Structure formats: structure tokens, C-alpha cells
Amino acid sequence: SAVISQKPSRDICQRGTSLTIQCQVDSQVTMMFWYRQQPGQSLTLIATANQGSEATYESGFVIDKFPISRPNLTFSTLTVSNMSPEDSSIYLCSVEEMGRGVTGELFFGEGSRLTVL
Amino acid sequence: QKEVEQNSGPLSVPEGAIASLNCTYSDRVSQSFFWYRQYSGKSPELIMSIYSNGDKEDGRFTAQLNKASQYVSLLIRDSQPSDSATYLCAVISGTASKLTFGTGTRLQVTL
Chain A
-10 SAVISQKPSR
0 DICQRGTSLT
10 IQCQVDSQVT
20 MMFWYRQQPG
30 QSLTLIATAN
40 QGSEATYESG
50 FVIDKFPISR
60 PNLTFSTLTV
70 SNMSPEDSSI
80 YLCSVEEMGR
90 GVTGELFFGE
100 GSRLTVL
Chain B
23 QKEVEQNSGP
33 LSVPEGAIAS
43 LNCTYSDRVS
53 QSFFWYRQYS
63 GKSPELIMSI
73 YSNGDKEDGR
83 FTAQLNKASQ
93 YVSLLIRDSQ
103 PSDSATYLCA
113 VISGTASKLT
123 FGTGTRLQVT
133 L
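As you go down the protein sequences, you meet chains A and B in turn. In terms of this note's numbering, the first sequence is residues -10 to 106. In terms of this note's numbering, the second sequence is residues 23 to 133.
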């Protein structure tokens, strides 16, 4: 199973600022996924990041608000831009094992809990 | 209609009893189904996957799938206090090839 490290684990941010979350995996993976989990809610997929191509965003999420980088097969970043209190959430990085396509068998990082004041 | 629906609970069962968690999904062509467990303040972890109609057993856990009824369930036998968590049902949509999560059922196992 993949080991995923996310930084920061938590942060308190001011309205209007931006924060970048880093996700490091201990093995090469094709697909990395960024989820959001708002308080008491389930997981909502923000985007899928494949190395060497633009991220694919889900309905309701746009690149200007959530720019993603995927410079190599073990690392990705998600930036939450121009934050508002509605962006207060846990952001989770997840991966599937390399080479198996979309299996649904995800490994998750520890999450980044953002609070926007 | 939500793509994946679960009763939010909490579902309270006494220690040693069977906990039954249910999930329905809307996309009739979905092929892959999963149960994730999420402890409070932690990330989800995969506990079961099921792809064919019928039952799949793994230790104290049994996943049941009925594609005709678009219904997935998870049974936990001999429930333990350590099973207290939120259980998320997830489905790969047949058309979108992406994993969609339900809102989760919170399970409380009481002493």
C-alpha cells in the first residue's frame, strides 16, 4: 500500500489569501486525486491529476480557484486561492496503485484541515 | 436523486451484535462497489470491495451486492467498540469511471 504525506496538516488562514497543500507519495502512481470533505459531509472529488497533463476538474470546481500541479509521479500540490470561510474544509490527497487504472481502491493522505477566518 | 445514498445514522448496536449498513446507488451500469471506514479525525481506509452479485466475506465483514435492486450492504459480525466509525459506501459510476462516495453511516457500538 502507498504511504502518502500531506503538508500542512492544518492551518488557519485569512480571507482572501491562498494556501498550497503538498502531497508526497512513497511510490510512483499514475493518478492522484484531490478530495474535499466539509464538516459532517462525505468526500467530494475536486480534480484528478495525471503527470504530464492538465488536471481534470469536477463540476463546480475550476482551475482558477483550485490550481493543481503534478510535476512528477510522486508529488502533487493543490492551491486553494482567494479563500473564503466556505473553503474551510479538510482537503485529502489520494492515489491508486500504479498501472491498474481506475480501481476505486484508494489510499488517502492524512488530510489538511483548513480554517478560513 | 443522489448518486449514492446512505442513512446517516447514528446506528447504535450493542457489542457482539451484527451491524447492518446499507447503501443504494442510482447508476444502473455501475460495476464496482466499496466500503471505506473513517474514524473520527482520520482519513478513510478501504475495508471491502465487491464486484459481483452475492456475498463476499472477509473476517467479520461481509459485503452484499444486489445489482438488480441497486443495493449494497455491509454486515459486521460480533461488533466491537473499535468498529465505531463512519462507514462510507463508494461506487464507480459505469459511465464516468470515477469513484463517488455516499454521505456515510455513523456506527456506534455500545458496551
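Beta carbons are placed, not taken as given, at the ideal position from N, Cα and C, and that holds for glycine. Computed from a predicted model, the values in this text were never measured in an experiment.
Review point. Residues in the stretch 27 to 44 of chain B with C-beta within 8 Å of chain A's C-beta atoms, listed in sequence order?
Key: none
Point to revise | A:L67 - partner residues in DSSP beta bridges | key: As a first step, residue 67 of chain A is located in the first sequence; it is residue number 78 there, counting from the start. A:L67 pairs with A:I10 and A:I57.
Check your understanding: Which of helix, strand or coil does DSSP assign to B:D80?
Key -> Position 58 of the second sequence holds residue 80 of chain B. In this structure, B:D80 counts as strand in the three-state DSSP scheme.
**Study point:** Members of the stretch 20 to 31 of chain A near chain B, C-beta cut-off 7 Å
**Key:** Q30 and S31
Check your understanding: Of all the options B:G124, B:S115 and B:T132, which has the alpha carbon lying nearest to the alpha carbon of B:S95?
Key -> What you label residue 95 of chain B is simply residue 73 of the second sequence in a count that begins at 1. Per the Cα distances, B:G124.
Practice item. Put B:S104 into one of helix, strand or coil per three-state DSSP. Key: Within the second sequence, numbered from 1, the residue matching residue 104 of chain B stands at position 82. Helix, per DSSP.
Practice item. Give the DSSP bridge partners of B:I98, in chain order. Key: Within the second sequence, residue 98 of chain B is the residue found at index 76, counting from 1. BP columns for B:I98 point to B:A41 and B:F83.
**Study point:** B:S115 beta carbon less than 8 Å from that of B:T122
**Key:** The residue you call residue 122 of chain B lines up with position 100 of the second sequence. The residue you call residue 115 of chain B lines up with position 93 of the second sequence. Yes. Within cutoff.
Review point. Within 8 Å (strictly less), CB to CB, does B:G124 reach chain A?
Key: As a working note, residue 124 of chain B is residue 102 in the second sequence. Yes, its Cβ sits closer than 8 Å to a Cβ of chain A.
Check your understanding: Do A:V69 and A:L103 have their CB atoms nearer than 8 Å?
Key -> Position 80 of the first sequence, counted from the start, is the residue given in the question as residue 69 of chain A. Position 114 of the first sequence, counted from the start, is the residue given in the question as residue 103 of chain A. Yes, the pair counts as a contact, with Cβ atoms nearer than the cut-off.
Review point. How long is the line joining the alpha carbons of A:N(-10) and A:F97, rounded to whole angstroms?
Key: Your numbering for residue -10 of chain A matches position 1 in the first sequence. Your numbering for residue 97 of chain A matches position 108 in the first sequence. First, the residue type needs correcting, since residue -10 of chain A is Ser and not Asn in the sequence shown. Rounded to the nearest angstrom, the two C-alpha atoms are 10 Å apart.
Exercise for review: Please confirm if B:S91 has its CB atom under 8 Å from at least one CB of chain A.
Suggested key: Stepping through the second sequence from its first residue, residue 91 of chain B is reached at position 69. Not an interface residue.
Point to revise | Residue of B:E25, B:A39, B:Q130 and B:T84 minimising C-alpha distance to B:N75 | key: For the purposes of this step, residue 75 of chain B is taken as the residue at position 53 of the second sequence. Looking at the Cα atoms, B:T84 is the closest of the given residues.
**Study point:** Residue-chain proximity (A:F97, chain D), Cβ-Cβ < 8 Å
**Key:** The question asks about chain D, but that chain is absent: this structure's protein chains are A and B.
Point to revise | Distance, A:R25 Cα to B:I27 Cα | key: Taking the second sequence and counting its residues from 1, the one referred to as residue 27 of chain B is at position 5. Taking the first sequence and counting its residues from 1, the one referred to as residue 25 of chain A is at position 36. Correcting the residue identity first, residue 27 of chain B is Glu in this sequence and not Ile. Distance between the alpha carbons of B:E27 and A:R25 is about 18 Å.
Check your understanding: Listing by chain order, which chain B residues have their CB less than 7 Å from the CB of A:G100?
Key -> For the purposes of this step, residue 100 of chain A is taken as residue 111 along the first sequence, with counting starting at 1. Simply S65.
Check your understanding: Does DSSP put A:P74 in a helix, a strand or coil?
Key -> Walking along the first sequence from the start, residue 74 of chain A turns up at place 85. Residue state, collapsed to three classes: helix.
Check your understanding: From B:K120 to A:S(-6), what does the alpha carbon distance come to, in whole angstroms?
Key -> Working through the second sequence from its first residue, we reach residue 120 of chain B at position 98. Working through the first sequence from its first residue, we reach residue -6 of chain A at position 5. Rounded to whole angstroms, B:K120 to A:S(-6) spans 23 Å at the Cα level.
Check your understanding: Does A:G49 come within less than 8 Å of chain B when only Cβ atoms are used?
Key -> Looking up residue 49 of chain A in the first sequence gives position 60. No, its Cβ sits nowhere closer than 8 Å to a Cβ of chain B.
Review point. Of all the options A:T37, A:N61 and A:Q13, which has the alpha carbon lying nearest to the alpha carbon of A:V(-8)?
Key: The sequence position of residue -8 of chain A within the first sequence is 3, counting from 1. Nearest C-alpha to A:V(-8): A:Q13.
Check your understanding: Under the three-state reduction of DSSP, which class applies to B:T125: helix, strand or coil?
Key -> Residue numbering aside, residue 125 of chain B sits at position 103 when the second sequence is read from its first letter. It is coil, neither helix nor strand.
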